[in-house]
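S.K.: Below you'll find the structure I mean.
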Amino acid sequence: MIMGNLGFLLYGNLVLIVILYLYLYKIRKIIGFQLGMNISMLVGGFGAIATGVLLIYQFPLKFVIVTMITAVIGMLIGAIFGALFDYQTLLTGYINGLMMGMMAPMVGAAANNSVLFLLFIEVVFLFSLVLVFLSAKNT
Amino acid sequence: MNISQFLFVLFCLNGVIGLLFYVVMYKKRKLFTDRFGMVMAMVGSGILSFNLAMMLFFMFPFNLGTLAIISTMVGGGIGILYGALTRFQSLLAGFSQGSLGAIMGTMFGAVVENPALCGLPAAYFIDVEQHMMLFSLFGTGLVISTFGLLFYSLRV
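From first to last, the protein sequence lines stand for chains A and B.
Going by my numbering, the residue at position 113 of the first sequence is 113; the numbering climbs one at a time, nothing skipped.
If you want my numbering, it's the position in the second sequence, counting the first as 1, plus 1000.
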């Protein structure tokens, strides 16, 4: 059932990331740069991993274009979250999202369409978003 | 144009960009704060060693172990060079990120050259050379955009 609805899963991930961005945008003045650096690394990296695995499960015959798109998406997510704080957090989130986005389709292709791996990646992604939310709330 | 000539030209282009970046940063190293030095060493050495390791894997026909050792030494050297501009803190960050990028680049090159490693379908074996050219072009574009961002950060 889950393999037929990969697009909805990707859309749900994107919506969660946008909601987290709007929440962080409201309280960005009280977050220091140390926490900001870690937030941009975490969200960029795990967003890129979830996107890459979902895309390579959906299009297993287009490895090249999926890798390029995932690297660009990881770069954008890391840079947008880093741009909330200052220029150096932007650079950190950018490079981490890029590296993770390059690796993610490879991991997804090596996992051979296993549903368990996809569920594990989704749970790790949601857990990292919850961690970011809690640490931003208690700062 | 032959593919090995194409890869060699792109490899030289990447090396020239890295060297130019080092020269410019060496002239301005008195201006850096500690934190900017660390971020600069991480970002620059990570992406540059990734691309150089990937293209080294495409260019030379040795086995994976030899190439991993060579490119990890190259990546770690780049990280130490960039990090040594400011403090030891940034040297550690640059070395870790540079060697990590080189190992990842070797793995990526191995997967692109031999798609059966990751269980990709057999259709990829037909145009491996085209994929090699595409990925080296894409990596060079990433290197150029990253160093553009880093040069721009001197003005901010």
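Beta carbons: idealized from backbone N, C-alpha and C, even for Gly.
(1) Where does B:Lys1028 fall in DSSP's three states?
(2) Please classify B:Pro1115: does DSSP put it in a helix, a strand, or coil?
(3) Give a yes or no on whether 7 Å exceeds the smallest Cβ distance from B:Leu1134 to chain A.
(4) Do A:Gly97 and A:Met75 have their beta-carbon atoms positioned less than 7 Å apart in this structure?
(5) Is it right to say B:Tyr1026 is buried, meaning 16 or more other beta carbons lie within 10 angstroms of its own, or is it exposed?
(6) Say whether chain B places a C-beta atom closer than 7 Å to the C-beta of A:Tyr87.
(7) Evaluate contact between the segment 1129-1137 of chain B and the segment 110-120 of chain A, counting only Cβ atoms and requiring at least three cross-stretch pairs below 8 Å.
(8) Between the alpha carbons of B:Ala1093 and B:Val1074, how many angstroms are there, rounded?
(9) In whole angstroms, give me the CA-to-CA distance for B:Gly1101 and A:Gly101.
(10) Would you call B:Ala1068 buried or exposed, if buried means 16 or more other Cβ atoms sit within 10 Å of its Cβ?
(11) Does the beta carbon of A:Leu131 come closer than 7 Å to any beta carbon on chain B?
(12) Can you grab the Cα-Cα spacing for the pair A:Phe63 / B:Ile1144, in whole Å?
(13) Taking C-beta pairs closer than 7 Å, name the residues in chain A that B:Met1059 reaches, listed in chain order.
(14) Does the separation of the CB atoms of B:Ile1070 and B:Ser1045 fall below 7 Å?
(15) For B:Phe1108, tell me which candidate among B:Gly1076, B:Phe1050, B:Phe1147 and B:Leu1013 has the shortest Cα-Cα distance.
(16) Are B:Leu1007 and B:Thr1140 closer than 7 Å when you measure CB to CB?
(17) Of the choices A:Phe133, A:Gly36 and A:Met3, whose alpha-carbon is the least far from that of A:Ile80?
(18) When DSSP labels each residue in this structure, what does A:Phe85 get in the three-state scheme?
(19) Report yes or no: do three or more beta-carbon pairs, one from the segment 1078-1089 of chain B and one from the segment 1035-1044 of chain B, lie closer than 8 Å?
(20) Which whole-angstrom value describes the C-beta separation of A:Ile77 and A:Gly32, a residue pair presumed to lie in contact below a C-beta threshold of 8 Å?
(21) To the nearest angstrom, report how far apart A:Glu122 and B:Gln1005 are at their CA atoms.
(22) Please compile the residues from chain A whose C-beta is within a distance smaller than 8 Å of the C-beta of B:Cys1118.
(23) Return no unless some Cβ of chain B is closer than 7 Å to the Cβ of A:Ile95.
(24) Run through DSSP, which three-state label would A:Thr92 get?
(25) Whole alpha helix (DSSP H) runs in the segment 1010-1077 of chain B with 4 or more residues, listed along the chain?
(26) Can you list, in chain order, the residues of its chain whose CB lies under 8 Å from that of A:Pro105, leaving out five sequence neighbours each side?
(27) Of all the CB atoms in chain A, is at least one closer than 7 Å to the CB of B:Ser1153?
(28) Find the residues of chain B that neighbour A:Leu98, judging by a C-beta separation of less than 9 Å, and give them in chain order.
M.R.: Straight from the coordinates:
(1) The residue given as residue 1028 of chain B occupies position 28 in the second sequence. It is coil, neither helix nor strand.
(2) Reading the second sequence from its first residue, position 115 is the one you call residue 1115 of chain B. Of the three classes helix, strand and coil, the one that applies to B:Pro1115 here is helix, per DSSP.
(3) The count along the second sequence starts at 1 and reaches residue 1134 of chain B at position 134. At least one chain A Cβ lies under 7 Å of B:Leu1134.
(4) Taking the first sequence and counting its residues from 1, the one referred to as residue 75 of chain A is at position 75. Taking the first sequence and counting its residues from 1, the one referred to as residue 97 of chain A is at position 97. For A:Met75 and A:Gly97, yes; Cβs fall inside 7 Å.
(5) Indexing the second sequence from 1 puts residue 1026 of chain B at position 26. Label assigned to B:Tyr1026: exposed.
(6) Start at 1 with the first residue of the first sequence, and residue 87 of chain A comes out as number 87. Yes, because at least one Cβ of chain B sits closer than 7 Å to the Cβ of A:Tyr87.
(7) In short, these stretches do not touch, since the Cβ pair count stays below three.
(8) The residue given as residue 1093 of chain B occupies position 93 in the second sequence. The residue given as residue 1074 of chain B occupies position 74 in the second sequence. Straight-line Cα distance between these residues: approximately 16 Å.
(9) What you label residue 1101 of chain B is simply residue 101 of the second sequence in a count that begins at 1. What you label residue 101 of chain A is simply residue 101 of the first sequence in a count that begins at 1. In a straight line, the C-alpha of B:Gly1101 is about 13 Å away from that of A:Gly101.
(10) The residue given as residue 1068 of chain B occupies position 68 in the second sequence. Its Cβ being crowded by 16 or more others within 10 Å, B:Ala1068 is buried.
(11) Taking the first residue of the first sequence as 1, we reach residue 131 of chain A at position 131. The beta-carbon of A:Leu131 is placed no less than 7 Å from the nearest beta-carbon of chain B.
(12) What you label residue 63 of chain A is simply residue 63 of the first sequence in a count that begins at 1. What you label residue 1144 of chain B is simply residue 144 of the second sequence in a count that begins at 1. Using only the alpha carbons, I get a separation of about 23 Å.
(13) As a position in the second sequence, residue 1059 of chain B is number 59, starting the count at 1. None at all; the shortest Cβ gap to chain A is about 19 Å.
(14) Position 70 of the second sequence, counted from the start, is the residue given in the question as residue 1070 of chain B. Position 45 of the second sequence, counted from the start, is the residue given in the question as residue 1045 of chain B. No; because the gap between Cβ atoms is not below 7 Å, this pair is not in contact.
(15) As a first step, residue 1108 of chain B must be located in the second sequence, where it is residue number 108. When only C-alpha atoms are compared, the closest one is B:Phe1050.
(16) Within the second sequence, the letter at position 7 stands for residue 1007 of chain B. Within the second sequence, the letter at position 140 stands for residue 1140 of chain B. Going by C-beta atoms, B:Leu1007 is not nearer than 7 Å to B:Thr1140.
(17) Counting from 1 along the first sequence, the entry for residue 80 of chain A is found at position 80. With distances taken between Cα atoms, A:Ile80 lies closest to A:Gly36.
(18) Here residue 85 of chain A refers to the residue found at position 85 of the first sequence. In the structure shown, A:Phe85 sits in coil (DSSP, three-state: anything other than H, G, I, E or B).
(19) Judged by Cβ distances under 8 Å, the segment 1078-1089 of chain B makes contact with the segment 1035-1044 of chain B, as three or more pairs qualify.
(20) Against the first sequence, residue 77 of chain A aligns to sequence position 77. Against the first sequence, residue 32 of chain A aligns to sequence position 32. The beta-carbon distance between A:Ile77 and A:Gly32, rounded to whole angstroms, is 21 Å. This is too long to meet the 8 Å contact definition.
(21) Within the first sequence, numbered from 1, the residue matching residue 122 of chain A stands at position 122. Within the second sequence, numbered from 1, the residue matching residue 1005 of chain B stands at position 5. Between A:Glu122 and B:Gln1005, the C-alpha separation is close to 43 Å.
(22) Your numbering for residue 1118 of chain B matches position 118 in the second sequence. Neighbours of B:Cys1118 on chain A, chain order: Met106, Ala109 and Ala110.
(23) Taking the first sequence and counting its residues from 1, one reaches residue 95 of chain A at position 95. Yes, contact with chain B.
(24) The count along the first sequence starts at 1 and reaches residue 92 of chain A at position 92. Helix, per DSSP.
(25) Within the segment 1010-1077 of chain B, the complete alpha helix (DSSP H) runs of at least 4 residues are 1034-1059.
(26) Here residue 105 of chain A refers to the residue found at position 105 when the first sequence is read from its first residue. Taken in chain order, the residues that qualify are Gly52, Val53, Leu55, Ile56, Phe63, Val66, Thr67 and Thr70.
(27) Here residue 1153 of chain B corresponds to residue number 153 of the second sequence, with the count starting at 1. The beta carbon of B:Ser1153 falls within 7 Å of a beta carbon belonging to chain A, placing the residue at that interface.
(28) As a first step, residue 98 of chain A must be located in the first sequence, where it is residue number 98. Within 9 Å Cβ-Cβ: Gly1046, Ile1047, Phe1050, Leu1142 and Thr1146.
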